[in-house]
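Numbering (our numbering), first residue to last: 72 to 481.
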C-alpha cells in the first residue's frame, strides 16, 4: 500500500504539471510567446444572457509581480494548465494565459523556504497569475495558482506525516488583499458516483481532507469544513443549456478490451452502445432539490469534495460516493483558512467548490496491479489528459452561473 501511495503521489504531480510550457515559467513572457499563446485560445461562441457576459478588465498600466492584488467582489481560482485555458476562454475571452499578470508578492519572504525543489512555483518563482473581469456589476478576479498542496510540501523529518503547506498562506493573502466576499475554487476532479459522467459539475459547500501521505498526521487530517450560505441557483438552468452545446466534445472513445467504467463490465458479451452513454453534462449541487429546479442531480447537504495528498479516484467498488462528492487535491485548504479566520473573528468570505468530472468512476473490477501502475489508475489518468480542457469549460460556465446569481442579489 505504501508503494502504491508513493506512485499515486507521483501521478498527482505529473497531472498538476501537465501542459506547462516555457512561457508559463517566465515572469515576463515575450510578445512572441504571448502571440503563440493567443493562437491556442478557442472562440467558444457562448451566447450569454444580455448584460451578464464576462468582460475582461485589463489593468493600465500593467501591474508588476510584487503589486498587491486588485480589490474584487469574487475570486475564482484554478490550478492546472487545462483548467486555466478553459477559464481564459470562458471568463476572460481573448485574453490568453500569457497575458495574465504574474503575481509574486512576498514570494521570497514568505514562500520560497516552504517549497520543495522542483515544484512549479519554485521554478517560476511566483505564486500565480491573474486577470480581472466583470460579470454584471461584479468585479471578478480570475486566478491561477502555481502553489499546490500536492506539489510544494517539504516533509518534516522530525515529525512524519507533516509538511509545509504554503498554499494555505496564499489563500489567506488572497482574501486579505482582494477583500472578496466570495471565493470559488474550481477545476478538474475524479467522479465517485456511477452516474457521474465526463463534464458533470459538482458544486458543494463542503470539503474534507482525505490524506494518507505527507499530511496524514497533520492537525487537519480527516477533518471536514463547511460553509452554510445559500448558493444562488437562478442561472443554473441556463448554465446547463450552455454546457449542452459542447457535449459532443465529451464523448469518450471506450475500448471494449479494457472497459474503464462500471457501464462496461469485462464479463458481459454485449457492451452498452456508446451512443446511449454519451455524456450530457449536468450540475450536481449539495443539499438542493435540483430536480425541482429543472437541473442536474442532488447530493446530501454539504456532501464534501475529497481533498487528497495523492492521486485518488472513485471506483465502482471503493465506495467513495458515501463520503464525498468527487476527488481532487487542494480545496479543503480554503475551507481550513476560512474557518480559522472566522474562529479569530476576522473578515472571511463565503466559499464554494466547483469541480468538473474529468474522469468518471472507474470500474473496480479491473485488475488492480497488472504492472507498476494499475489499470484503474491508468484509465483515470487517460481521461484527465484527454478531457481536462473540455470538462473544465463546464465548470467555468458553472462558476459564471454562481457569479451571475450573486450579481442578482447585490
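The beta carbon of each residue, even a glycine, is placed where N, CA and C say it ideally should be.
Each residue's CA atom was taken as its position, placing residue 193 and residue 121 some 43 Å apart. Here residue 422 is bridged, per DSSP, to 254. By the Cβ neighbour-count rule, residue 420 is buried, with 16 or more other Cβ atoms within 10 Å of its own. Contact between residue 250 and residue 431 is ruled out by a C-beta separation of about 38 Å, above the 8 Å threshold. Taken through DSSP and simplified to helix, strand or coil, residue 148 comes out as strand.
Residue 126 places its beta carbon 8 Å or farther from that of residue 257. For a cut-off of 8 Å, the C-beta gap from residue 314 to residue 465 is around 5 Å, short enough to register as a contact. In this structure, the alpha-carbon of residue 207 lies about 19 Å from that of residue 214. In the three-state scheme derived from DSSP, where H, G and I count as helix and E and B as strand, residue 281 is classed as strand. If you ignore the 5 residues before and after residue 387, its C-beta comes within less than 8 Å of the C-beta of 265, 332, 333, 432, 433, 434, 435, 436, all in its own chain and listed in chain order. Of the residues 117, 228, 181, 481, the one whose Cα lies closest to the Cα of residue 163 is 117. Per the C-alpha coordinates, the member of 456, 183, 196 positioned closest to residue 237 is 183.
Look at the beta carbons and you see the region 447–467 touching the region 264–278: at least three pairs across the two are nearer than 8 Å. Looking at the DSSP output, residue 226 shares a beta bridge with 234. A direct Cα-Cα distance of roughly 23 Å separates residue 395 from residue 445. Between the alpha carbons of residue 281 and residue 102 lies a distance of about 43 Å. 380 is the residue among 380, 391, 407, 415 whose C-alpha sits nearest the C-alpha of residue 219.
Scanning its chain for C-beta atoms nearer than 7 Å, with the 5 sequence neighbours on each side dropped, one finds around residue 217 the residues 191, 192, 195, 197, 198, 199, in chain order. Residue 127 is bridged by DSSP to 204.
Residue 221 has no beta-bridge partner at all, per DSSP.
Sorting 243, 232, 247, 252 by C-alpha distance to the C-alpha of residue 283 places 232 at the top.
In this structure, residue 382 keeps its C-beta atom at 8 Å or more from the C-beta atom of residue 357. Residue 199 is bridged by DSSP to 174, 216.
In this model, residue 133 and residue 293 are separated by some 42 Å (Cα to Cα). Within the DSSP secondary-structure output, residue 241 pairs in no beta bridge.
In the three-state reduction of the DSSP assignment, residue 140 falls in the coil class. Per DSSP, residue 378 is one residue of the beta strand (DSSP E) stretching across 376–379. Annotation for residue 188: no alpha helix (DSSP H) segment contains it, and DSSP assigns it neither H nor E. In the DSSP annotation of this structure, the continuous segment of the beta strand (DSSP E) that includes residue 272 starts and ends at 272–275. Between the alpha carbons of residue 221 and residue 176 lies a distance of about 22 Å. Relative to residue 377, the option among 398, 211, 246 whose CA is nearest is 398.
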